[in-house]
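Undergrad: Got a structure here, written out as structure tokens. Questions coming.
And the structure:
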């Protein structure tokens, strides 16, 4: 059973601080990794994709991937109250699995003014 | 309309009813997905269609019946559901070999 694990939170962060979210996955051959943001009552929105080891930055978001440790993280710099949401980690397995994604349970983030 | 749309947005049905959920994508994608999102549980993949062909059925009970008449439209036909089937049903689409999936707004289903 392939698994994606996230701390459910809530992760409480003061406005302007850095929010750090972690995700671990069980399948060593996983190829692609995604972070989705889901506001309460809304659908998931893709915010970051990362495919190779290292860091990838997009605006205030940085995704970090370490395939050897089977670990992917998301940093949110200068956190804003509008960043309050649940963040879902998703992992694409090996090529034979097609485009099937496995999702973690999500980390709820609360940014306090 | 842009992106991925779903109708209805909310649905309440009895256990003996038959209803259908509709999804339409305006992104030119060729793969479409149905997911179920229940409270306190991760997103669960239900079905995958590539070029109108079903390529994944994730052990979904037969009371859920998908239909994909073309690459832009996806339906989920529902019959004799159970209260535990109450959830947010999400449709998503992706293009070719790209694993990036884009979600519709979802249908909030309540089974009485």
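Residue numbers (the working numbering), protein chains in the order written: chain P, 631 to 743; chain V, 7 to 118.
All C-beta atoms, glycine included, are put in the ideal place defined by N, C-alpha and C.
What you are looking at is a predicted structure, and each value in this text was computed from that prediction instead of being measured.
1) Mind the definition here: the segment 59-78 of chain V touches the segment 11-25 of chain V only if three or more C-beta pairs lie below 8 Å; say whether that holds.
2) Indicate the three-state DSSP secondary structure (helix, strand or coil) for residue 688 of chain P in the structure shown.
3) Less than 8 Å between the C-beta atoms of residue 681 of chain P and residue 715 of chain P, yes or no?
4) Note the first and the last residue of the continuous beta strand (DSSP E) segment covering residue 677 of chain P.
5) Spell out the partners DSSP gives residue 25 of chain V in its beta bridges.
6) Give me the subset of the segment 17-44 of chain V whose CB atoms are less than 7 Å from a CB atom of chain P, sorted by chain position.
7) Establish whether the CB of residue 59 of chain V and some CB of chain P are separated by less than 8 Å.
8) Between residue 722 of chain P and chain V, is the shortest Cβ-Cβ distance under 8 Å, so that the two count as touching?
9) Measure the C-alpha to C-alpha separation of residue 696 of chain P and residue 683 of chain P and round it to an integer number of angstroms.
10) Using the beta-carbon of each residue, which ones in chain P are nearer than 9 Å to residue 66 of chain V?
11) Quick one: Cα of residue 74 of chain V to Cα of residue 650 of chain P, how far?
12) Does the beta carbon of residue 662 of chain P come closer than 8 Å to any beta carbon on chain V?
13) Kindly say whether residue 105 of chain V, judged by its beta-carbon, lies nearer than 8 Å to any beta-carbon of chain P.
14) First and last residue of the beta strand (DSSP E) that includes residue 46 of chain V?
15) Between residue 707 of chain P and the rest of its own chain, which residues show a CB-CB distance below 6 Å, the 5 nearest in sequence each way excluded?
16) Along chain V, which residues have their Cβ under 9 Å away from the Cβ of residue 718 of chain P?
17) For residue 78 of chain V, return the contacting residues in chain P, with the cut-off set at a CB-CB distance below 7 Å.
18) Please list, in chain order, the residues of the segment 84-113 of chain V that have any C-beta partner in chain P closer than 7 Å.
19) Just to confirm my understanding: we take residue 81 of chain V, look at its own chain, exclude 5 residues before and 5 after, and list those with CB closer than 6 Å. What are they?
20) 8 Å is my cut-off, CB to CB: does residue 735 of chain P come that close to chain V?
TA: In this structure, then:
1) no
2) strand
3) no
4) 675-680
5) V/84
6) 37
7) no
8) yes
9) 5 Å
10) Within 9 Å Cβ-Cβ: nothing; residue 66 of chain V doesn't reach chain P, min ~14 Å.
11) 40 Å
12) yes
13) yes
14) Per DSSP, residue 46 of chain V belongs to no beta strand (DSSP E) and is neither H nor E.
15) 648, 690
16) 48, 49
17) Simply none; closest approach about 17 Å.
18) 96, 100, 105, 106, 107, 108, 109, 110, 111, 112
19) 26, 28, 73
20) yes
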